[in-house]
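Numbered per the numbering used here, the sequence shown spans residues 95 to 204.
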Amino acid sequence: MTTRHLSSGVSQSQVFDELESFRSHDVKWRDGRSFTLAYSAGAEALAVAEEAYRRFSGENALNTAAFPSLRRMQQEVVDTVTAWCHGDDATAGFMTSGGTESLVLVVRSA
């Protein structure tokens, strides 16, 4: 593995060019060429999601007391899924970032 240490910053265009080169070998999910890995809801939905991420990516969902907006968003998602699954007032839920955290919570809740 080669590690580069930059002696100075790089331009925004250089950053994005390198990121695009990283992505060049990824599955082409935007073209419908993936199965269960990523899904496209269309360009308009993607634009909304990207803008929402831009607006909230600095907030920390680990502390919803400090960021009640994130708690509200999480609760609305949990409420929606509860309704879809015909849950009742005793139904609870929590959003995770995926991976190990999600698996541990599944095991603990079983």
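Cβ coordinates follow ideal geometry from the N, Cα and C atoms, glycine included.
Treat the numbers as computed from the prediction; the structure is a model and nothing was measured.
Look up residue i in the DSSP assignment and say whether it is helix, strand or coil.
{"i": "arginine 149", "result": "helix"}
{"i": "valine 175", "result": "helix"}
{"i": "leucine 197", "result": "helix"}
{"i": "leucine 140", "result": "helix"}
{"i": "aspartate 125", "result": "helix"}
{"i": "methionine 189", "result": "coil"}
May I have the straight-line CA-CA distance separating residue i from residue j, to the nearest angstrom?
{"i": "serine 101", "j": "leucine 131", "result": "37 Å"}
{"i": "aspartate 173", "j": "histidine 180", "result": "10 Å"}
{"i": "phenylalanine 150", "j": "alanine 159", "result": "15 Å"}
{"i": "leucine 113", "j": "lysine 122", "result": "15 Å"}
{"i": "threonine 176", "j": "alanine 141", "result": "27 Å"}
{"i": "phenylalanine 110", "j": "arginine 127", "result": "23 Å"}
{"i": "alanine 184", "j": "arginine 117", "result": "43 Å"}
{"i": "arginine 202", "j": "serine 196", "result": "10 Å"}
Whose C-alpha, out of the options, is nearest the C-alpha of residue i?
{"i": "leucine 164", "options": "Val200, Ser196, Gly136, Tyr147", "result": "Tyr147"}
{"i": "alanine 186", "options": "Ser118, Thr158, Val171", "result": "Val171"}
{"i": "asparagine 154", "options": "Glu138, Ser191, Val142, Leu140", "result": "Ser191"}
{"i": "asparagine 157", "options": "Met189, Ser134, Leu140", "result": "Met189"}
{"i": "alanine 139", "options": "Gly152, Arg124, Glu114", "result": "Arg124"}
Just reading off the alpha helix (DSSP H) that residue i is part of, what are its end residues?
{"i": "serine 102", "result": "Serine 102 -> no alpha helix (DSSP H), and no H or E assigned at all."}
{"i": "serine 107", "result": "106–117"}
Any heavy atom of the ligand FMN closer than 8 Å to the CB of residue i?
{"i": "serine 128", "result": "With respect to the ligand FMN, the structure shown offers nothing to examine, as it has no ligands at all."}
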